[in-house]
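Numbering (my numbering), first residue to last: 25 to 340. All residues carry an ideal CB built from backbone N, CA and C; glycine is no exception. Input: a single structure, listed below in structure tokens.
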Ligand SMILES: Nc1ncnc2c1ncn2[C@@H]1O[C@H](COP(=O)(O)OP(=O)(O)OP(=O)(O)O)[C@@H](O)[C@H]1O
Ligand SMILES: [Mg+2]
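Laid out in structure tokens, this is it:
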């Protein structure tokens, strides 16, 4: 069953210097039970894409495209209507959420903000159970965010954002600021929440494709506002098709090889300005396999081994 559908979405930021073309024609669906991972370098438009789904706000401007949640069109809905879907239908843990917990409110108070007509007692009771589930004491309810460690905060954020059992949980870089052990615990928590039916499906955003591989069923790779490749996780990581995906995978440290011993093979050059992105394929200026036409014509969607790839190498 399809929960979410994003069709040819273009979301720009209106700035004094012009439009920043942060998301420029992205199409994908999310089905029930699935974990979709979104990977890509810093600035590729990952946060803009997922924020726009349920938290659109200026200076974001939707230039084109539509979003549907269970057949209901979200694009064009009033903020109030979207607010009713947030937490219960689609819940997002925005990037840096754990650092933006209100410092003057106790955890209990933050949770009660979700009540909105629901029984406060039931909500707190549920929060108690969920805290237990993530190995936190219920005493956390009477604490201020500042009293919690990073790992504890991330678990609290996870409990809050899933308290109303959302169909879709969007998690944006929730493991990035954590040490490896805590990262693993957070990934396990997501898996548990999915297995117990608290959440039905997940969009997991991270620049860390190795972490993604541990959790995602499908992986979507973004570059400079464009989707470059999307398909099953094993295929994308084990046999990447797009030169950018390949470079991204090759830049990962091999298992057992320490960062210090072997320098990472980075991708030469840097992502383009999205105020004035290159013509043709946006990766072409950095691509070692670029053909002449890559610099002038946008690559069409091509199906390669059941995977959607946007690259001229596959559609000559
Ligand atoms: N409020 C804003 N105004 C103008 N440009 C913005 C704004 N927010 C983001 N951008 C630009 O939009 C582009 C995409 O940013 P976004 O934060 O979506 O990328 P990201 O892939 O999430 O990066 P990261 O991995 O660093 O989180 C970048 O070029 C960024 O500079
Ligand atoms: Mg981001």
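Beta carbon of residue 158 nearer than 9 angstroms to that of residue 193: no
Helix, strand or coil at residue 307 according to DSSP, with G and I counted as helix: coil
Beta carbon proximity, residue 69 to chain C, threshold 9 angstroms: Protein chains in the displayed structure number just one, and chain C is not present.
Validate contact between the stretch 177-195 and the stretch 114-128 using beta carbons, cut 8 angstroms, 3 pairs: yes
Proximity test, residue 268 beta-carbon vs ligand 4 heavy atom, cut-off 8 angstroms: Ligands displayed in this structure: ligand 1 and ligand 2; ligand 4 is not among them.
Start and end residues, beta strand (DSSP E) containing residue 228: Boundaries of the beta strand (DSSP E) around residue 228: 225-229.
Selection from 91, 31, 26 and 38 that minimises the alpha carbon distance to residue 299: 38
Among 56, 67, 196 and 110, nearest to residue 78 - alpha-carbon criterion: 110
Rounded distance between the beta-carbons of residue 33 and residue 50, thought under 8 angstroms: 5 angstroms
Ligand 1 heavy atom lying under 8 angstroms from the CB of residue 87: No, Cβ of residue 87 sits at least 8 angstroms from all heavy atoms of ligand 1.
Straight-line gap, residue 322 to residue 95 (C-alpha atoms, nearest Å): Looking at the two C-alpha atoms, the distance is approximately 30 angstroms.
Any alpha helix (DSSP H) of 4 or more consecutive residues that is wholly inside the stretch 73-141: 103-109 and 131-136
Cα-Cα separation between residue 71 and residue 245, rounded to whole angstroms: 13 angstroms
Residue 120 beta carbon less than 9 angstroms from that of residue 84: no
beta-carbon residue 13 near ligand 2 non-hydrogen atom, thresh 8 angstroms: Missing from the structure shown is residue 13; the chain here goes from 25 to 340 and no further.
Straight-line gap, residue 281 to residue 149 (C-alpha atoms, nearest Å): The pLDDT assigned to residue 281 is 43, lower than 50, so where the model puts this residue is not dependable; a value taken from the coordinates is nonetheless given after this. Between residue 281 and residue 149, the C-alpha separation is close to 46 angstroms.
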